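Asker:
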Amino acid sequence: MLRLRAWLIFAIVTTGTFMINVDMSVLNVALPTLQAEFHTRLETLSWVIVAYLMIITGTLPLIGKLSDLYGRKPFFIAGVTLFGGFAALAALAKSLPALIVYRLGMGIGSALIQANVMSIVADTFPPGERGRPMGMIGSVVAVGTIVGPAMGGFLLHYFGWPAIFWINVPFSLLAAAGAWVFLENRRPASPSVVREQIDVLGATYFLIAVSALMQGLNGLSRLSFFSAPSLAAFGTSALFWVLYIVRSLRVPEPLIHLGLFRIPTFAVGNATGLLSYVLIGFPQIVLPYYLHLVHGYTSDRIGLVITAQAVAMIVASTVAGGLADRRGTRLPSLIGLAVSAAAFGILALLGPRTPVGFVVAGLALFGVGMGFFQPPNNVAVLESVPKEATGLTGGIIATVRNLGRVLGVAVATFLFDRVGGPDGAAEAVVGVRVVMLVGLALSLFAWGLTFVGQGQRHLAPARKL
């Protein structure tokens with residue numbers, strides 16, 4: 244009965260995970276329709292996505308810490324409720340500014356969900372049994388990413404753009420009702436202790452630093468690093484990172500205990516996790532250009548080819564989770580990064596006459612690699628910290644994931660444009676090869692970090708940070 248209840252809780256919280264991943268992939272498909280609806284430029288419309296990602300990434304650690312102190316149940320329920328409520332408002336939006344505001348509300352809801360899903364799973368399943376459900380979280384993410392574009396196309400064609408937001412409402416109601424009935428709430432601290440432990444100013448510094456960094460990275464796809472907007476964004480980010488670190492060293496209860504980074508598995512796991520999400524963006528950004536310019540593929544056929552990566556991740560992440568439960572997290576993590584390096588090596592061989600099947604094989608192999616690496620790595624990071632910091636750690640993992648995705652797009656776009664570009668087949672081949680070789684180098688670097696750092700003994704007692 245307890246085992247059945249654990250998997251029921253898993254199904255409830257991953258309904259939220261599925262919902263937010265479907266939403267992002269549906270929205271990407273809907274951008275041309277929204278651009279025509281609101282008569283705006285794509286650069287302006289991009290704030291519908293950028294503002295959403297900024298508010299999520301900037302608030303995740305704070306929400307994670309609050310859930311450690313107040314308990315996870317109210318924050319998860321608030322998250323799915325806010326996400327569904329603001330999605331309904333977005334469906335009724337009459338202007339682009341209103342839509343952006345409602346997307347900010349959805350972003351707060353998404354942050355409340357993301358910061359708590361892995362922590363709830365870690366609380367629900369005992370050590371030694373967490374690998375499989377953590378792997379299945381990765382499968383849920385991949386399924387949402389695959390289903391989203393097809394669902395978005397169907398909804399846009401038959402019901403119009405408001406339907407892409409209305410579709411979130413039943414998912415949010417289902418997750419909220421299930422969480423209300425089945426989730427337990429653990430309150431490890433009293434409200435008086437909570438007030439003393441929340442560094443509001445530090446959280447504000449963190450939000451500004453992350454938001455400015457993401458804005459700067461997002462702008463690199465169309466602006467030079469030395470342009471005034473880029474320098475302003477990166478300069479602001481650097482300033483507030485310094486302010487945040489200085490404050491964290493001075494206050495007794497900072498937003499993120501810097502002592503956590505003295506735990507090798509925590510530090511290495513987050514560093515390699517960041518690299519893995521950077522790497523995931525490489526094939527997704529540059530291979531569509533290769534398939535279109537070299538092989539003449541249309542967007543629907545390109546989407547089908549790219550899906551090979553996500554399908555492989557679905558299978559591999561579940562297998563890797565079970566392996567992590569039996570053999571520990573280090574072995575599947577190392578296997579995953581080695582396979583990813585091999586995949587980049589294969590994709591670096593692409594040429595003007597390479598069969599598309601070769602691309603599919605490389606993408607599938609890369610999906611296997613990431614599926615083997617990410618779930619065990621997340622388990623290793625979560626289990627390296629004291630139990631009272633798992634919510635904060637879940638928030639940090641999600642922050643790293645979002646930063647990695649944005650950084651991956653920026654790096655892949657920068658490299659592809661500088662050494663090749665979308666102007667012709669020959670240029671696309673050169674650009675793809677360079678991006679894949681950089682991916683190979685980063686995969687090997689991450690493998691080395693994992694080999695040295697994951698599973699080491701703590702440099703400082705984890706419970707006395």
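Numbering (this note's numbering), first residue to last: 244 to 708. From the three backbone atoms N, C-alpha and C, an ideal C-beta is built for every residue, glycine too. Keep in mind the model is a prediction, meaning the values are calculated, not measured.
1) Buried or exposed for N271, going by 16 or more other Cβ atoms inside 10 Å?
2) What span of residues does the alpha helix (DSSP H) with Q243 cover, start to end?
3) Are there three or more Cβ pairs, one per stretch, closer than 8 angstroms when the stretch 574-585 is compared with the stretch 316-335?
4) Helix, strand or coil: which one does DSSP assign to E234?
5) Could you check the C-alpha separation between I299 and T642 for me, to the nearest Å?
6) What separation, rounded to the nearest whole angstrom, lies between the Cα atoms of L482 and P497?
7) Going along the chain, which unbroken runs of the beta strand (DSSP E) with 3 or more residues stay wholly within the stretch 337-395?
8) How is G539 classed by DSSP in three states: helix, strand or coil?
9) Applying the criterion that 16 or more other CB atoms from any shown protein chain within 10 Å of the CB defines a buried residue, is V611 buried or exposed?
10) DSSP state of F281, grouped into three classes?
11) Which residue wins for smallest C-alpha separation from I306, given the options I549, I441, G605?
12) Any chance the stretch 519-534 sits against the stretch 340-347, with 3 or more Cβ pairs inside 8 angstroms?
13) For the alpha helix (DSSP H) holding N428, just list the boundary residues, first then last.
14) Going by beta-carbon coordinates alone, are V715 and V677 separated by less than 7 angstroms?
15) Less than 8 angstroms between the CB atoms is what I'm expecting for G539 and R490, so what's the real figure, rounded?
16) Please classify F468: is it buried, with 16 or more other beta-carbons within 10 angstroms of its beta-carbon, or exposed?
17) Report the three-state DSSP secondary structure of T633 (helix, strand or coil).
18) My assumption, with CB atoms under 8 angstroms, is that V384 sits in contact with T572. Please give the rounded CB distance.
19) Pop quiz: G374 and P618 are said to be a contact at Cβ under 8 angstroms. What is the actual Cβ separation, rounded to whole angstroms?
20) Tell me which residues share the same chain as V649 and place their Cβ nearer than 6 angstroms to its Cβ, disregarding the 5 neighbours each side in the sequence.
21) Between L593 and V673, how many whole angstroms is the CB-CB distance? I'm expecting something under 8 angstroms.
22) Are G638 and L288 touching if we call contact CB-CB under 7 angstroms?
23) Alpha carbon to alpha carbon, how far is V628 from A331?
24) Check whether the stretch 386-406 touches the stretch 262-282, counting contact only when three or more Cβ pairs, one atom from each stretch, lie closer than 8 angstroms.
25) Would P434 be called buried (16 or more neighbouring beta carbons within 10 Å of its own) or exposed?
26) From I622 to L463, what distance separates their C-alpha atoms?
27) In the structure shown, what three-state DSSP assignment does R596 receive?
28) In whole angstroms, give me the CA-to-CA distance for M379 and L339.
29) Mark T515 as exposed unless 16 or more other C-beta atoms lie within 10 angstroms of its C-beta, in which case mark it buried.
30) Measuring straight from C-alpha to C-alpha, what distance separates N428 and F659?
31) Rounding to the nearest angstrom, what Cα-Cα distance links I506 and S576 in this structure?
32) Let me know the secondary structure DSSP gives M262 once reduced to three states.
33) Do you know how far the Cα of L309 is from the Cα of P317?
34) Between A452 and G647, what straight-line distance do the alpha-carbon atoms span, to the nearest angstrom?
35) What is the rounded straight-line gap between the Cα of T479 and the Cα of P472?
36) Tell me whether D442 sits in a helix, a strand or coil according to DSSP, three-state version.
Answerer: From the atom records:
1) exposed
2) Because the chain is modelled from 244 through 708, residue 243 falls outside the range shown and cannot be assessed.
3) no
4) For the chain, the structure presents residues 244 to 708; residue 234 sits outside this window and is missing.
5) 8 angstroms
6) 18 angstroms
7) none
8) coil
9) buried
10) helix
11) I441
12) no
13) Run containing N428: none; DSSP gives neither H nor E here.
14) Outside the shown range of the chain, which is 244 to 708, sits residue 715, and nothing can be said about it.
15) Not really, about 55 angstroms apart at Cβ, beyond 8 angstroms.
16) exposed
17) helix
18) Not really, about 19 angstroms apart at Cβ, beyond 8 angstroms.
19) 7 angstroms
20) M457, L460
21) 10 angstroms between Cβ atoms; not a contact.
22) no
23) 38 angstroms
24) yes
25) Confidence is the limiting factor: at P434 the pLDDT is only 48, short of 50, which leaves the residue's position unreliable and the question unanswerable from this model.
26) Note that residue 622 is Val in the sequence shown here, rather than Ile. Each residue's Cα considered, the two are about 33 angstroms apart.
27) coil
28) 36 angstroms
29) buried
30) 48 angstroms
31) 18 angstroms
32) helix
33) 10 angstroms
34) 15 angstroms
35) 11 angstroms
36) coil
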